[in-house]
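Report on the following structure.
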Amino acid sequence: MDRFLITGGAPLKGTVRIAGAKNATLPIMAASLLCPGTCEIHEVPDLRDVRVMCEILKLMGAKVEAGKGYCRIDAASVAACEVPENLMREMRSSIFIMGALLGRLGKVKVSYPGGCAIGPRPIDLHLKGLSALGAKITEKHGYVLAEGPALRGSDVHLDFPSVGATENIMMAAVKAQGVTVIRNAAKEPEVVDLQNFLNKMGAKIRGAGTDTIKIEGVSDLYPTSHSVIPDRIEAGTFMLAAAMTQGDVHLENVIAEHTEPVAAKLRETGAEVVSSGEGIYVTARRRLQAVDIKTLPYPGYPTDMQPQTMAMLSVAEGTSVAIENIFVNRFKHVDELRRMGAQINIEGRAAVIRGVERLSGACVEASDLRAGVALVLAGLVADGQTVLENVYHIDRGYEALEEKLRRLGAQVQRLKESR
Ligand code: EPZ
C-alpha cells in the first residue's frame with residue numbers, strides 16, 4: 469500500500485483550489501437513479517469513493533461515463549435492486565442507494581454497511597424513515613430488504629439529525645403519494661445541495677438547511693445537470709494546515725459560509741482568516757493559541773474536522789479540550805499523534821491536549837480518512853521525517869493531496885507500494 473514521506477518545517481504559501489464535496493457528490497450520484505434518463509454532474513472530485521459509487525450504479529444497470537471533474541449517469545435501464553455485500557462493506561455511502569432505489573423501483577436489498585474506524589454505523593434512523601413511508605423492512609442474515617411499491621408521504625421525526633438518514637428519506641419521498649415532513653433533519657450544506665439537485669429533476673422539496681424539510685411527492689422526474697458545492701472539509705483541512713505551519717494560503721472555490729465554524733475557531737487561535745469574493749485567505753505569523761472544540765451537527769464544529777484540529781492543537785500554546793459528540797470512537801488518530809510526541813489524554817468523549825513546542829517525525833498509520841489527513845498535518849510541523857502508512861484511506865476523500873501540498877511548498881511525496 470502507498471505511503472507518504474513527509475518532511476516537516478515548511479510554512480505553506482500560495483493558492484490551492486478546493487475540489488467538489490465528496491459528501492455532496494455521493495448522495496447526488498445515487499439520486500440520479502431516481503430518473504429514467506441521463507444526468508450530468510460537474511465539479512466531481514477524483515476520489516476512490518466516487519469510483520466505487522460509479523461501480524455500484526453500473527451494477528444497478530445504469531450507464532456511467534466518468535471523466536475529469538464530471539460524470540454522466542444514464543439510469544434509463546436501472547433494474548437491479550441488490551447492492552453486493554463487498555461494495556456495501558467497501559463504502560458506507562452505498563447506503564444512499566436504498567432511498568434512491570426504493571423511490572425508483574419500490575424495492576432494494578443491501579447488506580448492513582460495514583462499521584468503520586470511527587465506530588458502529590447504525591442505520592436504524594434510515595429504516596425508521598423508510599418504514600414511515602410505508603416500506604416493509606425485513607432484516608436477516610446481515611441483509612436489509614425494503615419493499616414499498618407504493619410509498620406514501622408521512623411525518624418522520626429523527627431522534628438525531630442524521631445526515632444520511634435525512635438524505636435517504638428525501639430520495640425515497642420525492643415520488644411518494646402525498647407530503648412527507650422530516651423533522652429534526654440534518655442541516656448540512658450537502659443536504660441542501662441534494663435538495664437543489666432533486667428539485668432540478670422536478671422534485672418539490674423545501675426547507676433543506678433547516679431542521680424541517682417538506683417533500684411533496686411528484687409522479688415524474690426528468691434528467692438534469694448540476695455542479696456540486698465545494699468541499700468544506702477539504703477547505704477546512706487546508707485552512708488548518710496554513711495556520712499551523714504559520715503560512716499564508718489563499719483557498720479558491722470555497723463557500724465561506726460553509727467553512728465559518730472552522731474559520732471562527734481558527735480566529736480564536738490567533739490566525740488571520742479573511743474571506744472575500746475570490747475565496748479565503750489564512751495567515752498566521754506566530755504559534756497558535758490553544759482553543760477548545762466540541763463537535764456538533766452543522767452549523768456546529770464539524771466532526772470531520774476533529775482529527776485535523778487535534779493535530780493543530782498538539783502544537784498550540786496552552787491546553788485545549790476536544791469533545792467528540794457525534795461518533796463514539798473517533799480518537800483512533802490519538803495514539804499515532806502520541807507517537808509523534810503529542811501530549812493527549814482521553815477521558816471518554818473528551819480529549820485533553822497539552823500543546824508542545826514541536827512534534828517529532830515518526831512512522832504512523834492512517835486508520836480512516838480524516839485521522840490519516842490529521843497525521844499529514846502533524847508531519848508538516850514535525851521535526852524530521854514522518855512516514856504515513858495506509859494512504860489509501862486519504863485517497864478516499866482528498867483529490868491529489870500530495871500535489872496540492874507540494875504546490876504550497878510542503879515536502880510530501882508518495883512512496884508507491886512496490887508491486
Ligand atoms: C455523514 O455520515 C458523512 N458522510 C460523514 O463524513 C460525517 O462525519 C457525518 O455525516 C456527520 O456529519 C457522508 O455524507 C458520506 P450521520 P453519516 O448519519 O450520514 C448516528 C467523512 O469523513 N446514527 O449523521 O453516516 C451515527 O452512528 C465522513 O467524510 C444512528 O445512530 O452520519 C453517528 O453517531 C465520516 N443511526 C451519528 O448518528 C442512524 O440511522 C451521525 O451519523 C444513522 C446515524
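According to the numbering used here, the sequence shown holds residues 469 to 887 in order. Every residue, glycine too, gets a C-beta built ideally from N, C-alpha and C.
* Asked: Hey, how far is the Cα of residue 572 from the Cα of residue 537?
  -> 26 angstroms
* Would residue 634 be called buried (16 or more neighbouring beta carbons within 10 Å of its own) or exposed? -> buried
* What separation, rounded to the nearest whole angstrom, lies between the Cα atoms of residue 863 and residue 497? -> 19 angstroms
* Asked: Between residue 794 and the ligand EPZ, is the CB less than 7 angstroms from at least one heavy atom?
  -> yes
* Looking at the structure shown, is residue 757 part of a helix, part of a strand, or coil, going by DSSP? -> Judged by DSSP in its simplified three-state form, residue 757 adopts strand.
* Should residue 884 go down as buried or exposed, given a rule of 16 or more other Cβ atoms within 10 Å for buried? -> Of the other Cβ atoms in all chains shown, fewer than 16 fall within 10 Å of the Cβ of residue 884; this residue is therefore exposed.
* Asked: Taking Cβ positions, are residue 644 and residue 685 nearer each other than 8 angstroms?
  -> yes
* To do: Could you please give the first and the last residue of the uninterrupted beta strand (DSSP E) stretch that includes residue 481?
  => 481-485
* With distances taken Cα to Cα, identify the nearest neighbour of residue 750 among 767, 761, 722 and 759. => 722
* Is the region 469-479 in contact with the region 678-692, if contact means three or more CB pairs nearer than 8 angstroms? -> no
* For residue 864, does the three-state DSSP call read helix, strand or coil? -> Three-state result, residue 864: coil.
* Asked: Per the contact definition of three or more C-beta pairs closer than 8 angstroms, is the region 723-740 in contact with the region 799-809?
  -> no
* To do: Compute every distance between the C-beta of residue 500 and the non-hydrogen atoms of the ligand EPZ, then say whether any falls below 7 angstroms.
  => no
* **Run of the beta strand (DSSP E) containing residue 784, from where it starts to where it stops** => Element bounds for residue 784: n/a, residue is neither H nor E.
* To do: Kindly say whether residue 664, judged by its beta-carbon, lies nearer than 8 angstroms to any beta-carbon of chain D.
  => No chain D is part of this structure, which consists of one protein chain only.
* Just grab the DSSP bridge partners of residue 818 for me. => 791 and 815
* Asked: Since residue 701 is in the alpha helix (DSSP H), which residue starts that stretch and which ends it?
  -> 700-712
* Excluding the 5 residues preceding and the 5 following residue 547 in the sequence, name in chain order all residues of the same chain whose CB lies nearer than 7 angstroms to its CB. => Only 529 meet the Cβ criterion.
* Buried or exposed: residue 623, going by 16 or more other Cβ atoms within 10 Å of its Cβ? -> exposed
* Asked: What three-state label does DSSP hand residue 564 in the structure shown?
  -> helix
* Asked: So, helix, strand or coil for residue 523, using DSSP?
  -> Residue 523 falls in the helix class under three-state DSSP.
* Asked: Taking only runs of the beta strand (DSSP E) that begin and end inside the region 830-879, which ones reach a length of at least 3 residues, in chain order?
  -> 831-833 and 853-857
* Asked: With respect to the alpha helix (DSSP H) encompassing residue 599, which residues constitute its N-terminal and C-terminal limits?
  -> 592-600
* For residue 532, write down the residues that DSSP places opposite it in a beta bridge. => 541
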